[in-house]
Structures are given as C-alpha cells and as structure tokens.
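Read the structure below first, then the notes.
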Amino acid sequence: MTLFIFLFNLNKLICSMQNHRTIADLNLDETAIIAGDQQENIPLKLIQMGCTSNTKIRLRMKAPSSDPLCIQFGGNDIALRLEDAKKIAIESV
Amino acid sequence: MKKFVLIGNPNTGKTSIFNSLTGLNQSTGNYPGITVDKKKGAVSLGTESLVLIDLPGTYSLEPHSVDEEIVLQEILNINEPIDAIIYIADVANLRRNLFLFSQICDLEIPCVLVVNRIDKIKKLGIQINQQELSDYYKCPVVLTSITQNIGLQELKNTLKNSPTKSAYKSLFKLNNPDFEKLREIESIKNDYWVWLVVHQKCSHKLFTLEEQKRIESILSKTSYKSEELLKEEAIDRYTSIDLLLNTVLKQKDIDNSISRKIDKVLTHKYYGYLIFFAILFLIFQAIYSWASIPMDYIDTFFGDLSVWTSNYLPQNRINALICEALIPGIGGVVIFVPQIAILFGFISLLEQSGYMSRVVFIMDRFMRRFGLNGKSIVPLISGVACAIPAIMAARNIDNAKERLLTILVVPFMTCAARLPVYTILIALMIPSNTGYGFNIQGMVLMLMYLLGFVSSIVASILLSKLIKEESKAVFIIELPSYQIPQIKNLVHTLLTKTKSFVFDAGKIIVAVSIILWVLASFGPGKAFTNAEQYVENTIDINNMNTYDDAVAAYKLEHSYLGYLGKGIEPLISPLGYDWKIGIGILASFAAREVFVGTMASIYSVGSKQEDGKTILEKLRQAQNSTTGKPTYTFAVTLSLLIFYAFAMQCVSTIAIVKRETNSWKWPIIQTFGMTGIAYLGAFLTYTIFS
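The listed protein sequences derive, respectively, from chains G and D.
Position one of the first sequence corresponds to residue 794 (my numbering), numbered consecutively onward.
Position one of the second sequence corresponds to residue -10 (my numbering), numbered consecutively onward.
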C-alpha cells in the first residue's frame, strides 16, 4: 500500500515536471519569463549577470543539436548548456 | 607613486582604455605564484604620473575561474593597497555593468566610473543622466568613446584630482552575528570586506598567519550556505540597480540586429563550421607562405652577419664564441618572430571582433565529447604558436577538470618551436618540392599538424577517463556584440607577445647555444688537444679541404659534447640516431627550437666560416661517423619527426604547467607520458621504415 502511494506520488511529480516548460523547450525567438521561485535552479553566475526570477528572456540561437543555447535578457546574449537550461522553468508571457 | 587599477566586465573596451591611457609605457609581469599576466602601465598626468594595472574582466567579485581570483586578490591586497579604482562600464549594458560596480563601491575605495562606448547611445536610443549617477555613487562619472576619441582628456583630468577617500558610505549589512565577529580583525575594513572573506576562501591567504587562524576559527563555528547567500546578495543588488536606473537611464528595447544577422551565418550548422575551418586554413596558410619571406631574409642576414663578423674581428676564441654560438643562437630566436606575430595577430583579431566566443559556442558540444570545453578551443589554437600563453589562456575555463585536461593536452599541438625542426627534417626527407601537382613538403607539414591535433584529442579522451575530479562549475559564456577590431590594440598585442617571446625564449636559447659551444670547443685528454696529429696519421695531408674537416670532426668527437652524445648513444640508437643527433635531442629538452641551432653549431664548429653554407646543406652532407653513409635517411628523419611531435621538450612549458596546476604531479606525468610516447613512436617508425 505504501509502495502504491509512493508510486502514485512519483507519477504525479513526474507529470507536474513535464507540465513545466524550461528554457530548453523554448522555440527560436520565443519570449518567456523565468518562473518565480527558481532561485535555486539558476546558476549563481547567471543571477549575477542579471537573470533572476521574473526576468524576461528570449531564445536567440541554438548551436547544432540544440546545445548550447543562447538566450537574451536585457543587453546580454548568454550561452548555456542544454543540461543547465533544462533545470530552469519558464512561464509564457 | 599612486597605484590605480582598471576593473570592469569582459568586452567593455577596458583594454582599449588601458592602451590609450598608458601608450607604450607598458610592461607585463606575473603575479607571484601564478602566471596570470599582470599588465602595468604608467599614466602621465602633466606633472605627476601614476601606475595603472589592468585586471582581467569579471562579472562579479565572486570568482568563478582562476583569472577572476586575481581581481579579488588585487583589490583586497592589504600590503600594497590600491589608491583608486577606475571602473569601465559599457553603456549598452549598464544594468549588468553596475552590478560589479555596486560591489566595488561597497569596498569604500575611491573610484571613477567610466561609461564607455558613449558613441553608441544615439543608435541604441539611450539617454543617460550622468549627474544623477554621479550623485548616487558619490564618485566622478566620465563618458568616453575610444573610437571617437571622446572623454579621454576629461578622464585624465578626473584622475589627477581624484579624492584620496571614498565619499560613498556602504549600506551593506551582514545581518549575521557570527560574521560580525570578523570585524575584530583590524585589516578587515567594513561589513562588505567581511562578506568577501566569509565567502571567498581564496582571499584568506592575503592575511597574516595569525589573522588567518582567527578567521578560520570564527568561520568554523558557524554554518552557512554560501551559494544561497550570494544569490540573495545578487538579487538585492539588482533590485536597487533597477530602482536607480528608472531615474538615470532611458532606453528602448535593445536590438542587435546587425550582430544577429552575422550570427545567423557564423553559427549556422553547416556554414558556421565551414567558415571556422576556412579561417583556420587561412591562418595556417599565412603562417607558412607569408612568414616564409621575412624568415628567409632573417636566415640569410644572420648567416652573412656571422661570416662578416668572423672576418672582421681578430681570430681568437671570443671571435669563435660570437660567430659560432651567439649570432646563430640569436638568429634562431628572431627567425620565429614572423610566425608568432602572424598567429597572435589573427587570434587578437578574432578575439577583439567577438568571433572567438561564437567558435566557443559552436564547438562546445563537440569538445565536450573529449572531456574538454568549448573554451578549450582558444588554448588549442594558441598552442599552435606556443604552449605557454595557450596554457595560460585555459585559466578562464571555470570547470576544474576541463581546465586540467586542456592544460595537459595543449603541448601535443604543434607549436611554433617545432616548426623549424619540422621544416628542416621534411626538406631532408623529401628533397623535391613538387609532385602530382601538390606541394608535397607542405602536405607533410599539414599532416604533422593534424597528428598534433588528433593526438591531443585522443590524449584527452584517455585522460578524462583516468582523472577523477568533480567540478560543479556551470558553462556560461557571453556572446558579445560584434566589434570592428582596433588596429591600436592589435599592435599592442603583437608588440607585447613578441617581446615576451623573444626575451623569455631568447634567454634560454642563447644560454644553451653558449653552453653547447663551450662543451664542443673543449675536451678532456690528448685526443682533443692533439687532434691534428691523430688525423695526419690517417689522412692525405695534401688534400687541405678534407684535412680541415677531418680535424674538426675528430675534435668534436673527442670534446665534452662528443662524450656526452656518445654517452646517450646506446639509448637512442634503437631509434636510428647517432651521437650528434643525441646532442641535439639533449639540448632540445631546454626548448625544441634549439635543435636546428644545435645541429648548425655541431656541423659548423671548426669548419671554415667562409663557405656560408645553410644549415640544410650541412645536414644533407652529414655522414654517420661509423658507417660513412648519410646520417639523415628517410627512416631516421621520419623517426625524428615523430619524436619531436610527441616529446615534451620544453622547460618553460613544464614550469608553466607546474604553476598553473599548483603541483609537480601533473607536469611530471605529462613530461614522462609524452616523452614515453615519443620514444615508442620513434622506435616503431624507425623499425618499420628502415
């Protein structure tokens, strides 16, 4: 029974994760904002460059195989790897 | 003299401002213990002058890579405190640039805020309130543009009248009683300094041993999560910057349409790579065809100089030392200058224009497969000039493991020092230059470069499996908007890089040539001093030409150098080499390029100077003293090529690797590993082809 509940919850968790779009899911030239409460998922260096929760970003370029990605926020064009982009949730505007 | 430092984000035009302020009054040194360039220059301000130090570009005072640590260490340097900071900000990205500036202000060190690239504001639709900015940070604000020559004189005037105390009072609060205990330590000036000490372990070594102990005992009693606290600090700072910018800056949405259009081509999934390889091809073409013209002149010049000096000066030992050791030695260094200059010139242009970051962007995934990083491409390309600056260029790779791998495999790349060795060996191996419509010598040379690149990749794959080192660093790079490279910066780079090459490598090469000459000109026992007698007994005296050569050869064989070479002959004879080549290889462990010079000295010691033969002619005539057959057969030459491709023969590189990795472990593994591969490879080559 406990196992069942655990599996059920796990499934729910996976589903909810799939519902969240991340930077990696953005289309070229699509604009979005970084979801609130993302502080722990955004690398420190990116935050120090000014990319925090609620920052408006835009996917500018994809290297071949979509890795790395180049996002724009403010006057910055910043490249980051796909694995890191997948961790940062976004909301559409 | 007052000491000022230049700080700013990368790609803000900091170097241009440094060059404009200091002119040619620059010198590069090293920071003690590490090999990051310390660029210093003198700025003359009418009656007085000050020392200006250019620091590596960084986005925050929290270092993510080795070169960013320098900034923190220079700023917090308590023993030699800085008098003022000149902060360079790019007007097109003021928000991000003010982040680091707000950290700088909290240090309460007098500063000047320079807002650069002001010529762009019209095009970008920016309006900036200089007065308001100056009032907020309580420091002078100067608007400049180096390309349009705006604001430089104003900046100099501001520097002249710069205050000795900061008017800005830091509002930074620690909000942590444990951290506040650090205020007891006298050399920590305010709460923000405490913050830096708390979060940056690399700053601790700036304090006295006693203070270090106190810092560590205080910090060990408290637990905190640095990363979270630093993120909170960053978010707070941006909140206040955004408030300030509401009143200071009016700006439309930034649209880098030109950069975007260029990027569409340069980072395209096919054209992007095509263009990159075309550029590489152009660079190599330039190194070979353009550089060969001045190199020929340099070669002939030093050959003639040697002959002329030999005839002009009285015949004695000093004459011989100058003509047989010093002049060829110096010539051996100078001959590299065209190639080094062309390569560094191209790299400087690619970096200035912003293209290098695009190469990093499109190559990252490819390089990651080998355990490297997109940023490794810059060290690998620079490695074609010289491993020393290339290894130093790896310091901006934040990921520790990827950085280590880059450092370890860069020496496999074919550096400029191998080039003269390759050139001469290939000329020996393939006498005729053309065939099948190709330049065959050029093709072989290209294969050697390919071999260097492939072996560095293979080495990296193997090493990445063997080395266990975890790094949490995240790959984040800025793709700056494209800039037209400035000739002034190009000239500066060329001058400083070439100068440091000529003097650093030059010292070793000249020293080695003198030592070799001494060892070759003196010998133990009677065999050396009475060489004429020994030879007279064996050779027809009437043939003076053979006689002189025979005496010279006999003397060399019985000199200290000859005995040294013979000593290692058993070790190298499986590779097909005789003792003369052995001497060349021994000398090459100081630096590879010494080989050609050494061969030149060995074959010219004692022989008549007037003939003015080139090194190639001398080598072609060389005969194996035991068999009487030509020394440089196809198998021997190929074996030598392979040996030089792999062997770690460069004292300076070993020293740099030691300093950059901070241990003897890696340089030792690297030296023995590479030289082992070289020995094995050369042995196999010789066995197969002979």
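The beta-carbon is built from N, C-alpha and C at its ideal position, and this holds for glycine as well.
All figures in this text were calculated on a predicted structure; none of them were measured in a lab.
The stretch 353 to 373 of chain D and the stretch 618 to 637 of chain D do not touch, with fewer than three beta-carbon pairs separated by less than 8 angstroms.
Leaving aside the five residues that flank D:R407 on each side, the residues in its chain whose CB is nearer than 6 angstroms to its CB run, in chain order, R581, Y633. The three-state reading of DSSP puts G:R814 in strand, counting E and B together. For G:R874, the secondary structure class from DSSP, reduced to helix, strand or coil, is coil. For D:M402, the secondary structure class from DSSP, reduced to helix, strand or coil, is coil. When DSSP states are grouped into helix, strand and coil, G:T848 belongs to the coil group.
Assigned with DSSP and collapsed to three states, D:A73 falls in strand.
Taken atom to atom, the span from the alpha-carbon of D:K109 to that of D:S209 is near 50 angstroms. In its chain, beyond the 5 residues on either side, F335 have a beta carbon closer than 6 angstroms to the beta carbon of D:I272. The C-beta of G:Q865 has 16 or more other C-beta atoms within 10 Å across all chains shown, which makes the residue buried.
Under a 10 Å Cβ-count criterion, D:P400 is classified as buried, with 16 or more other Cβ atoms of the shown protein chains found around its own Cβ.
Residues of the stretch 462 to 480 of chain D with a Cβ closer than 7 angstroms to any Cβ of chain G, in chain order: V463, F464, I465, I466, E467, L468.
Judged by pairs of C-beta atoms under 8 angstroms, the stretch 199 to 216 of chain D does not touch the stretch 149 to 159 of chain D, as fewer than three such pairs exist. D:Q638 and D:V646 do not touch by the CB rule: their CB atoms are close to 14 angstroms apart, not below 8 angstroms.
Residues of chain D with a Cβ closer than 7 angstroms to the Cβ of G:A882 do not exist, since the nearest Cβ in that chain sits about 16 angstroms away. G:D830 sits in coil when the DSSP states are folded into three classes, being neither helix nor strand. Secondary structure note for D:N105: it is in no alpha helix (DSSP H), and the uninterrupted beta strand (DSSP E) holding it is 100 to 105. In terms of beta-carbon proximity, D:F350 lines the interface with chain G, with at least one pair separated by less than 8 angstroms. Not a single C-beta of chain G is nearer than 8 angstroms to the C-beta of D:L452. Closest by C-alpha distance to D:R354, out of G:L862, G:I871, G:M842, G:A825, is G:L862. By the neighbour-count criterion, in which 16 or more other beta carbons inside 10 Å mark a residue as buried, D:T395 falls on the buried side.
When 8 angstroms is used as the limit between beta carbons, G:S858 is near these residues of chain D: R354, in chain order. Between D:P70 and D:S151, the C-beta gap is not smaller than 8 angstroms, which leaves the two residues out of contact. For the set D:V186, D:Q610, D:N138, D:I503, the Cα lying nearest the Cα of D:I174 is the one of D:V186. Against chain D, a Cβ distance below 8 angstroms from G:G843 picks out R84, R85, F88, Y227. By the C-beta density criterion, D:M345 is buried, having at least 16 other C-beta atoms within 10 angstroms. Spanning the alpha carbons of G:A872 and D:E57 requires a straight line of approximately 19 angstroms. Between the stretch 536 to 551 of chain D and the stretch 369 to 387 of chain D there are fewer than three inter-stretch CB-CB distances shorter than 8 angstroms, so the stretches are not counted as touching. Taking 8 angstroms as the cut-off, the Cβ atoms of D:L315 and D:V499 count as close.
Relative to the Cα of D:T487, the nearest Cα in the group D:C375, D:T298, D:L339 belongs to D:C375. The beta-carbon distance between D:L393 and D:E459, rounded to whole angstroms, is 12 angstroms. This is too long to meet the 8 angstroms contact definition. The shortest CA-to-CA distance from D:K111 to any of D:S5, D:K241, D:V101 is the one to D:K241. It is roughly 16 angstroms from the alpha-carbon of G:T848 to the alpha-carbon of G:A817.
A residue is called buried when at least 16 other Cβ atoms come within 10 angstroms of its Cβ; D:Y301 does not meet this threshold and is exposed. When DSSP reads this structure, D:A223 sits in no beta bridge, so it has no partner. Selection D:S215, D:H188, D:E221 evaluated against D:I204 yields D:H188 as nearest (Cα-Cα).
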